[in-house]
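In our numbering, the protein residues as written are 43 to 344.
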């Protein structure tokens with residue numbers, strides 16, 4: 043029975059304790075099972091007090107420094123006290139309105155070749171356009187891309203996709219053992235696509251489950267198109283391509299990124315929005331990605 047399967051839930055928190063409390067509350071309301079929940083607090087100050095006060099059975103682990111999403115997930119997994127069969131990664135700004143976990147577990151148990159499963163991830167309860175409704179991979183256009191509503195067949199089972207979203211991923215223990223941990227070189231963004239590639243390299247499949255959904259309020263912590271977001275997204279796309287793309291596609295996209303994407307960023311952010319910091323963040327990310335620089339770059343965290 044899926045109700046007896048040990049599941050480890052890991053959150054990585056950065057000054058988002060209220061979101062974490064809401065997310066955990068939704069799990070406890072809608073998922074009728076025992077879960078081991080670990081929250082890794084990456085915040086410079088102790089941001090776990092509210093979480094500890096609300097949930098005595100949730101373990102908050104203070105990171106020695108900001109480890110990013112990748113390193114935080116790894117610390118959370120290393121902090122597990124029970125032998126888990128599945129790992130559920132959840133962003134702090136997610137919450138559920140129904141039991142999404144039991145259907146995912148049932149599908150995973152029925153077909154053991156699926157290494158990672160992600161449900162549909164909606165922007166809001168009433169938003170018809172999904173934030174994640176599967177994915178595609180085109181090396182000539184920059185690699186992985188999330189899909190929105192209706193771009194994949196809406197079946198009741200599992201749809202094979204190139205990568206699962208780290209926003210909500212159910213990862214089989216055997217897949218984690220073979221392909222994990224998450225590569226902390228990415229720090230933030232594209233670490234989920236990289237993990238998916240490594241899981242596939244080990245012979246497992248990545249799946250999207252359109253019949254199950256959660257809610258995600260995007261980038262509440264990092265801010266969409268903030269300098270932080272633009273730096274890591276620009277850099278890590280190129281790091282991902284350096285590692286996985288076929289050489290012809292890799293060379294093409296690197297030229298495209300520098301000849302088209304960077305000038306475009308300067309037009310949009312520099313000329314139209316008078317925001318040089320965002321233009322610089324995108325450009326520096328591209329340079330660092332081209333040169334293979336990885337890990338955190340604190341310059342863009344302020």
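All residues carry an ideal CB built from backbone N, CA and C; glycine is no exception.
Quick caveat: nothing in here was measured; it's all calculated off a predicted structure.
Can you find the residues in the same chain that come closer than 6 Å, C-beta to C-beta, to residue 208, ignoring five residues on each side of it along the sequence?
Answer for residue 208: 131, 234, listed in chain order.
Based on Cα-Cα distance, which residue from 301, 283, 297, 289 lies nearest to residue 334?
Measuring from the Cα of residue 334, the nearest candidate turns out to be 283.
Starting from residue 188, follow the beta strand (DSSP E) in both directions and report where the run begins and ends.
Counting along the chain, the beta strand (DSSP E) containing residue 188 begins and ends at 185-188.
Nearest-angstrom Cα distance between residue 307 and residue 185?
Taking the straight line from one Cα to the other gives about 19 Å.
If you compare alpha carbons, which of 336, 328, 251 is closest to residue 189?
Answer by Cα proximity: 251.
Alpha carbon to alpha carbon, how far is residue 216 from residue 206? Give it in angstroms, no decimals.
Distance between the alpha carbons of residue 206 and residue 216: 16 Å.
Apply the 10 Å Cβ neighbour rule to residue 244 and answer buried if 16 or more other Cβ atoms are within range, or exposed otherwise.
Looking at its Cβ environment, which holds fewer than 16 other Cβ atoms inside 10 Å, residue 244 is exposed.
Under the rule that 16 or more other beta-carbon atoms within 10 Å means buried, what is residue 124, buried or exposed?
So residue 124 ends up on the exposed side.
Taking 9 Å as the threshold (C-beta atoms), are residue 54 and residue 114 in contact?
Yes, they are a contact pair.
In terms of residues, what are the limits of the beta strand (DSSP E) holding residue 78?
78-83 is the extent of the beta strand (DSSP E) around residue 78.
What is the rounded straight-line gap between the Cα of residue 76 and the Cα of residue 56?
Answer to the nearest angstrom: the Cα atoms are 25 Å apart.
To the nearest angstrom, report how far apart residue 346 and residue 98 are at their CA atoms.
Lying before the first or after the last residue shown, residue 346 is absent from the chain, which here runs from 43 to 344.
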